[in-house]
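Undergrad:
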Amino acid sequence: MDATAPSTPGVPVERRENGESALGAPVERREGRQKVTGTARYAAEQPRPGRAHAWPVPASVARGRVTGIDTAAALALPGVLAVLSHENAPRLSEPDDAMLAVLRDSRVPHRGWFVALVVGETLEAARAGAAAVRVDYAVEDHDVTLTRDHPAAYAPEEANGGYPGTREHGDPEGAFASAPVRVDVGYSVPPLHNHPMEPHATTAEWQDGRLTVHTSTQGATTVRAVLAGLFGVPEDHVTVHAEHVGGGFGSKGTPRPDVVLAAMAARHTGRPVTLALPRRFLPAVVGHRAPTLHRLRLGARPDGRLVSLIHEVTTHTSRVKEFVEQAAVPTRVMYAAPDSRTAHRVTPLDVPTPSWMRAPGEAPGMYALESAMDELAGELGMDPVELRIVNEPDTEPDSGKPFSSRHLVECLREGARRFGWDRRDPRPGSRAEGPLLVGSGVAAAMYPVMAQPSTAAVRALSDGNFLVRINATDIGTGARTVLAQIAADRLAVPVDRVRIEVGSTDLPAASLAGGSSGTASWGWAVHEACARLAERLAGGPVPAEGLEVRADTAGQADADSPYARHAFGAHFAEVAVDTVTGETRVRRLLGVYAAGRILNSRTARSQFVGGMTMGLGMALTEGSTMDAAFGDFTESDLASYHVPAHADVPDIEAHWIDEDDPHLNPMGSKGIGEIGIVGTAAAIGNAVFHATGTRVRELPLTPDRVLGGIGRGAAPRGF
Amino acid sequence: MKTFDYVRAASPEEAAELFAARPGARYLGGGTNLVDLMKLGVEQPDALVDVSRLPLDEVEELPDGSLRVGATVRNSDLAAHPAVRERYPVLSQALLAGASGQLRNAATTGGNLLQRTRCPYFQDISKPCNKRAPGSGCGAREGVHRDHAVLGHSPHCIATHPSDMAVALAALDARVELYGTEGARSVPVADFVRLPGEHPERDTEIAPGELVTGVLLPAAGAGLPSAYRKARDRASYAFALASVAVVLRVTDGVVDQAGIAFGALAHRPWRARRAEQALLGAAPTQAAFEHAVDLELSAAEPLRDNAYKVPLARSLAVDVLTRLARAAGA
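Chains as they are written, first to last, in UniProt numbering: chain A, 1 to 719; chain B, 1 to 330.
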């Protein structure tokens with residue numbers, strides 16, 4: 001660790017003379033060694049005396065009712081302890097989230113829904129038992145096929161995040177119709193899966209009416225509240241630990257069925273129970289990014305200024321609950337257009353329930369918008385960087401609010417400079433290297449700034465160290481490390497004098513690691529607590545018994561802001577397309593971000609690069625196929641759902657520009673966990689067009705689609 | 001997982017005996033496919049006869065110039081073997097195009113040939129599959145079949161053989177050496193893997209209890225210009241969308257030897273004999289290659305969602321043939 005700040009406790013950073021701070025330094029992850037040496041314990045790695053294992057039984061029909069469950073064969077197997085189903089499972093309260101209404105009734109809302117749970121002495125016994133459970137169904141006709149004109153589609157009042165489903169300004173249709181330059185195109189993004197490295201897992205144990213769980217979650221505070229409600233016990237009878245979490249990408253944002261089932265099985269059997277979901281079960285029960293079908297209509301003047309901007313999104317949800325991927329929402333933020341319409345339509349189908357996946361809304365929405373902007377630049381004969389710059393708005397287009405800070409133009413210019421954009425021949429298909437066609441593309445990125453109230457405690461210890469306690473969750477981002485930096489900065493001590501405890505409901509309650517809000521939300525509370533502690537200490541000695549101060553940012557972190565607050569970025573990609581095979585390989589990816597103050601340059605870079613890598617997968621390889629006959633996702637393992645591996649990731653660079661925004665939080669930071677994915681797929685898609693001269697409007701850009709397009713000339717409009 | 005016995009064999013003879021004595025046994029090589037299938041419930045052996053440590057781990061140069069590859073030679077070792085790299089580059093390239101480094105380190109030559117299809121319906125025991133459960137139907141035919149066969153499929157099965165190595169072996173006229181209680185025999189690789197026909201449950205011509213002991217690479221293909229090319233969704237590793245292995249000899253301005261095999265188009269490595277016949281005696285021009293490949297692929301019967309494989313395979317084959325001809329003519 002190289003953060004060596006002056007070490008007078010209680011002297012705020014701004015009063016330090018040499019200006020050094022732990023904030024921004026590339027401090028290494030505190031738990032890095034534990035993780036790479038395998039000593040970090042995850043939720044399933046919690047041995048307990050008498051621990052049993054559970055294995056779910058997924059429904060093998062797409063829609064219907066369970067009419068009978070024959071457990072005799074399963075229970076006769078050695079080591080099988082119990083088979084739970086809606087017939088005998090502990091009765092829980094009705095959950096707010098219907099995805100958690102497991103083993104409550106006989107309804108099968110989609111294939112893969114859990115209809116039973118087998119508990120065994122060993123994992124193998126539980127799995128064998130699950131295979132031996134015989135389930136009879138009354139099967140009903142199902143429909144899992146999303147179309148642009150599905151008769152059951154409707155316009156939802158709200159999209160995910162509480163955004164209005166539809167927004168309209170002026171006369172977008174009329175303005176489009178009379179625009180001198182028009183682009184009217186469709187794009188489609190397939191269902192995508194989060195697939196964190198660590199599948200969802202929980203170890204649960206009841207003792208004397210108190211429940212303790214170790215679970216893989218992005219937010220233990222909510223897990224505790226949900227479990228307490230479901231099982232009808234006071235919250236202080238439930239303890240949730242999430243010490244180490246192997247990624248979530250949104251799929252662990254709220255409790256998923258594993259934690260409810262594990263707690264149920266533990267209660268039913270009186271044993272500690274571990275339920276670690278196998279990879280193949282994840283697509284059906286932990287949420288997915290819903291497929292989105294986009295129609296973009298962009299009308300512009302010859303100088304590139306938009307006169308009309310229409311973004312319409314069609315998506316699906318399940319019969320379990322309404323979840324509407326807010327893919328048209330980012331278009332409300334991006335460009336100045338006097339007349340605009342952004343709207344969602346959703347069709348309930350007999351599909352697994354969609355949910356959050358890294359940059360929900362922004363990732364697919366900005367793919368479509370930024371691809372359409374590229375097409376418009378082509379129609380105009382204008383440089384795509386310049387097109388974005390001429391449409392830079394003075395205020396947030398939809399709300400009219402001033403931006404707290406917006407440096408998209410700076411990101412575009414800095415990215416263009418670093419990338420060598422000025423050397424690009426804009427003509428599509430103009431650069432061949434033997435059988436390869438080489439092209440480059442650009443896209444903008446945006447992600448909103450969010451923060452939630454949290455509480456934190458900081459204790460000055462008599463040995464000169466400090467202990468920060470907060471129920472934050474480190475999902476692999478380095479939350480421990482950056483929170484220690486925030487505390488060290490505010491306390492004006494070296495970062496190695498700050499100890500930190502996160503990942504347990506024994507600690508002061510805090511918000512989830514989601515919406516790129518974790519560091520802002522937790523850091524705010526930590527900062528506040530440290531500020532108060534510094535004030536109490538006032539440079540004086542620490543009392544022998546230590547001194548603890550708490551802070552709660554309710555009313556601050558969630559206060560309405562008069563500003564529109566977003567991070568912005570620009571992505572540049574260079575690809576080579578093989579004209580023999582249609583294979584597209586990314587050669588270079590470069591991102592430049594304006595995301596407030598960067599608090600740890602090492603872990604921040606890792607977040608940006610990780611997001612870009614996931615965007616590369618979205619662009620080229622990741623896609624899931626709903627099987628119309630069976631009603632499930634066909635790609636259910638990592639052999640068929642192609643996430644990028646090291647050899648797929650090219651020369652990749654993440655940079656940021658300094659941004660000083662006083663309207664955010666005491667650290668001046670914006671979230672960085674999601675913006676990296678947001679513009680990447682469009683930048684790559686635009687580069688493929690530039691390379692080949694053919695626009696493929698359906699992701700992922702697999703060889704069959706790209707080869708089919710090469711030399712085809714004008715592509716269909718995509719809808 | 002069902003419990004099973006595990007025994008390790010010291011010799012092919014002992015392996016065959018151990019197998020014969022245990023109904024429901026399976027041979028275990030590198031385990032990179034069989035163990036996955038056991039976890040999925042597709043395979044439920046009562047016993048595993050571990051043959052991975054049989055003394056069949058040598059690549060042996062025979063007096064007639066051929067090369068014998070022991071069944072337990074690991075894919076990585078075979079790909080890196082100097083004699084293979086020098087005389088049969090198509091085989092080395094095919095091996096390195098398959099799977100990931102970790103898998104190649106574990107996978108054996110015999111196991112690679114005997115690996116099962118990765119058809120998602122075959123791997124999901126909650127769905128019908130005539131290969132896994134004869135008579136249950138084919139989920140893929142009307143389902144998701146972008147990766148499936150365009151040549152030689154049957155109403156019962158449209159699965160493809162997943163091996164890259166086997167495609168190169170087919171083009172090289174390699175033979176599979178087998179040992180069983182009935183004795184030893186050898187079969188050309190191109191015929192060893194079957195078409196699905198009425199019996200998709202039978203991937204190969206191997207008899208119950210028979211063991212792959214090795215692969216024989218004939219001298220005839222040694223040292224000839226040869227190459228493998230594979231198209232895939234992901235650069236790092238993925239099964240082929242289509243691939244081609246070519247061995248080509250040009251003498252006095254005409255093709256006088258050609259071995260062409262396609263991967264990922266059929267239930268077996270697809271030896272393109274019509275294309276080969278069309279090329280023999282022809283000048284190695286792009287037009288001749290296109291004509292020959294089109295002749296072969298005219299037999300293709302694509303399904304709803306995999307018609308792309310035909311032009312992709314054509315493009316791959318013409319590219320590799322053209323490059324080899326250029327190299328041979330230089």
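In this text, a Cβ means the ideal position worked out from N, Cα and C, and glycines have one as well.
Computed from a predicted structure; not experimentally measured.
Please classify Gln207 of chain A: does DSSP put it in a helix, a strand, or coil?
TA: Stepping through the first sequence from its first residue, residue 207 of chain A is reached at position 207. Strand.
Undergrad: Output yes if chain B places a C-beta closer than 8 angstroms to the C-beta of Pro12 of chain A; else output no.
TA: The residue labelled residue 12 of chain A in the question sits at position 12 within the first sequence. Residue placement at Pro12 of chain A is poorly supported in this model, since its pLDDT is 39, which falls under 50; the coordinates are not used for a value here.
Undergrad: Less than 8 angstroms between the C-beta atoms of Gln485 of chain A and Leu23 of chain A, yes or no?
TA: Indexing the first sequence from 1 puts residue 485 of chain A at position 485. Indexing the first sequence from 1 puts residue 23 of chain A at position 23. Result yes, Cβ atoms of Gln485 of chain A and Leu23 of chain A sit closer than 8 angstroms.
Undergrad: Using 8 angstroms as the threshold, is the segment 265–272 of chain B in touch with the segment 641–659 of chain A, meaning 3 or more CB pairs across them?
TA: no
Undergrad: Could you compute how far the alpha carbon of Phe403 of chain A sits from the alpha carbon of Met450 of chain A?
TA: For the purposes of this step, residue 403 of chain A is taken as the residue at position 403 of the first sequence. For the purposes of this step, residue 450 of chain A is taken as the residue at position 450 of the first sequence. Cα-Cα distance, rounded: 14 angstroms.
Undergrad: Is the CB-CB distance between Arg345 of chain A and Thr314 of chain A below 8 angstroms?
TA: Position 345 of the first sequence, counting from 1, holds the residue named residue 345 of chain A. Position 314 of the first sequence, counting from 1, holds the residue named residue 314 of chain A. It is a contact, given that the beta carbons lie within the stated cut-off.
Undergrad: Confirm the yes/no value for this check: CB of Ala170 of chain B, any heavy atom of the ligand GTP, distance under 7 angstroms.
TA: Of ligands this structure carries none, so the ligand GTP is not represented either.
Undergrad: Check whether the Cβ atoms of Ser226 of chain B and Tyr88 of chain B sit closer than 8 angstroms, and answer yes or no.
TA: The residue you call residue 226 of chain B lines up with position 226 of the second sequence. The residue you call residue 88 of chain B lines up with position 88 of the second sequence. Cβ distance < 8 angstroms, so Ser226 of chain B and Tyr88 of chain B count as in contact.
Undergrad: Listed in chain order, which residues of the segment 142–158 of chain B have Cβ atoms closer than 9 angstroms to some Cβ of chain A?
TA: Glu142, Gly143, Val144, Arg146 and Asp147
Undergrad: Beta-carbon within less than 7 angstroms of Val254 of chain B's beta-carbon, same chain only, minus the 5 sequence neighbours each way: which residues are those?
TA: By 1-based counting over the second sequence, the position of residue 254 of chain B is 254. If the five residues before and after Val254 of chain B are omitted, its C-beta is found closer than 7 angstroms to the C-beta atoms of Gly281, Ala282 and Ala283, all from its own chain and listed in chain order.
Undergrad: How big is the Cα-Cα spacing for Pro90 of chain A and Ala204 of chain A?
TA: As a position in the first sequence, residue 90 of chain A is number 90, starting the count at 1. As a position in the first sequence, residue 204 of chain A is number 204, starting the count at 1. Taking the straight line joining both Cα atoms gives about 15 angstroms.
Undergrad: Please work out which residues of its chain come closer than 7 angstroms, Cβ to Cβ, to Val144 of chain A, disregarding the five sequence neighbours upstream and downstream, and give them in chain order.
TA: On the first sequence, position 144 is the one that residue 144 of chain A refers to. Once the five neighbours on either side are set aside, the close Cβ partners of Val144 of chain A are Ala62, Leu349, Asp350, Val351, Met626, Ala628 and Gly631.
Undergrad: So which residues on chain A does Arg234 of chain B lean against when the C-beta distance must stay under 7 angstroms?
TA: Translated into the one-based positions of the second sequence, residue 234 of chain B becomes position 234. Thr621, His642 and Asp648, listed in chain order.
Undergrad: Using the Cβ count rule (16 or more neighbours within 10 Å means buried), how would you classify Tyr6 of chain B?
TA: Here residue 6 of chain B corresponds to residue number 6 of the second sequence, with the count starting at 1. By the neighbour-count rule (16 or more Cβ atoms within 10 Å), Tyr6 of chain B is not buried but exposed.
Undergrad: Comparing C-alpha positions only, which one of B:Pro200, B:Val250 and B:Val49 sits nearest to Gln156 of chain B?
TA: On the second sequence, residue 156 of chain B is found 156 positions in, with the first residue counted as 1. It is worth fixing the name first, because residue 156 of chain B is His in this sequence and not Gln. His156 of chain B has its Cα closest to that of B:Pro200, out of B:Pro200, B:Val250 and B:Val49.
Undergrad: Strictly by DSSP, which residues pair up with Ser243 of chain B?
TA: Position 243 of the second sequence, counted from the start, is the residue given in the question as residue 243 of chain B. The partner list for Ser243 of chain B (beta bridge, DSSP) reads B:Lys230 and B:Gly263.
Undergrad: With DSSP as the reference, please indicate the residues paired to Leu590 of chain A in a beta bridge.
TA: For the purposes of this step, residue 590 of chain A is taken as residue 590 along the first sequence, with counting starting at 1. Partner(s): A:Phe572 and A:Glu653.
Undergrad: Beta-carbon separation of Ala368 of chain A and Asn686 of chain A under 8 angstroms?
TA: On the first sequence, position 368 is the one that residue 368 of chain A refers to. On the first sequence, position 686 is the one that residue 686 of chain A refers to. Cβ distance not < 8 angstroms, so Ala368 of chain A and Asn686 of chain A don't count as in contact.
Undergrad: Quick one: does Tyr237 of chain B have its CB under 8 angstroms from some CB of chain A?
TA: Here residue 237 of chain B is taken as the residue at index 237 of the second sequence, counted from 1. Judged by the 8 angstroms Cβ criterion, Tyr237 of chain B is in contact with chain A.
Undergrad: In chain order, what residues of the segment 41–64 of chain B put their CB closer than 9 angstroms to some CB of chain A?
TA: Gly41
Undergrad: Should Ser440 of chain A be labelled buried (16 or more other beta-carbon atoms within 10 Å of its own) or exposed?
TA: What you label residue 440 of chain A is simply residue 440 of the first sequence in a count that begins at 1. Per the 10 Å Cβ criterion, buried.
Undergrad: Looking only at C-alpha atoms, which of B:Val250, B:Gln123 and B:Pro208 sits nearest to Ala159 of chain B?
TA: Working through the second sequence from its first residue, we reach residue 159 of chain B at position 159. Selection B:Val250, B:Gln123 and B:Pro208 evaluated against Ala159 of chain B yields B:Gln123 as nearest (Cα-Cα).
Undergrad: Pick helix, strand or coil for Met626 of chain A, following the three-state DSSP scheme.
TA: For the purposes of this step, residue 626 of chain A is taken as residue 626 along the first sequence, with counting starting at 1. When secondary structure is reduced to three states using DSSP, Met626 of chain A falls in the strand class.
Undergrad: Taking Cβ-Cβ distances shorter than 7 angstroms, what residues in chain B pair up with Ala126 of chain A?
TA: Numbered from its first residue, the first sequence carries residue 126 of chain A at position 126. Here the premise fails: no neighbours, minimum Cβ distance about 10 angstroms.
Undergrad: Return the residues of the segment 248–259 of chain B that lie within a Cβ-Cβ distance of less than 9 angstroms from chain A, sorted by chain order.
TA: For the segment 248–259 of chain B, the set of positions with a beta-carbon nearer than 9 angstroms to some beta-carbon of chain A is empty.
Undergrad: Using CA atoms only, rank isn't needed, just tell me which of A:Asp149, A:Ser462 and A:Gly523 is closest to Val482 of chain A.
TA: Working through the first sequence from its first residue, we reach residue 482 of chain A at position 482. Minimum Cα distance to Val482 of chain A is reached at A:Gly523.
Undergrad: State yes or no: is the beta carbon of Lys131 of chain B nearer than 8 angstroms to at least one beta carbon in chain A?
TA: Taking the first residue of the second sequence as position 1, residue 131 of chain B is located at position 131. It does not; no Cβ of chain A falls within 8 angstroms.
Undergrad: Only counting the same chain, and skipping five residues up and downstream in sequence, which positions put a Cβ closer than 6 angstroms to that of Ala654 of chain A?
TA: To locate residue 654 of chain A, count along the first sequence from 1; it is residue 654. Same-chain partners within the cutoff: Gly591, Arg605, Phe608 and Val609.
Undergrad: Along chain B, in chain order, which residues have C-beta atoms closer than 8 angstroms to that of Ala284 of chain A?
TA: Your numbering for residue 284 of chain A matches position 284 in the first sequence. Simply none; closest approach about 12 angstroms.
Undergrad: Give the secondary structure of Gln277 of chain B by DSSP, where H, G and I count as helix, E and B as strand, and everything else as coil.
TA: Taking the first residue of the second sequence as position 1, residue 277 of chain B is located at position 277. Note: Gln277 of chain B maps to helix in three-state DSSP.
Undergrad: What's the C-alpha gap between Gly247 of chain A and Asp394 of chain A?
TA: Position 247 of the first sequence, counting from 1, holds the residue named residue 247 of chain A. Position 394 of the first sequence, counting from 1, holds the residue named residue 394 of chain A. When rounded, the distance between both Cα atoms is 37 angstroms.
Undergrad: Within the 8 angstroms Cβ cut-off, does Pro311 of chain B reach chain A?
TA: Looking up residue 311 of chain B in the second sequence gives position 311. Judged by the 8 angstroms Cβ criterion, Pro311 of chain B is in contact with chain A.
Undergrad: Taking a cut of 9 angstroms between CB atoms, which residues from the segment 566–582 of chain A lie near chain B?
TA: Asp578, Thr579, Val580, Thr581 and Gly582
Undergrad: Using a Cβ cut-off of 8 angstroms, pull out every chain A residue sitting near Ser136 of chain B, in sequence order please.
TA: Your numbering for residue 136 of chain B matches position 136 in the second sequence. The premise fails here: Ser136 of chain B is roughly 13 angstroms from chain A at the closest Cβ pair, so nothing lies under 8 angstroms.
Undergrad: Indicate whether Tyr228 of chain B and Val90 of chain B have their beta-carbon atoms separated by less than 8 angstroms.
TA: Here residue 228 of chain B corresponds to residue number 228 of the second sequence, with the count starting at 1. Here residue 90 of chain B corresponds to residue number 90 of the second sequence, with the count starting at 1. Contact: yes.
Undergrad: So within the segment 219–291 of chain A, which uninterrupted beta strand (DSSP E) runs reach at least 3 residues, ignoring any that extend past its ends?
TA: 238–241 and 273–276
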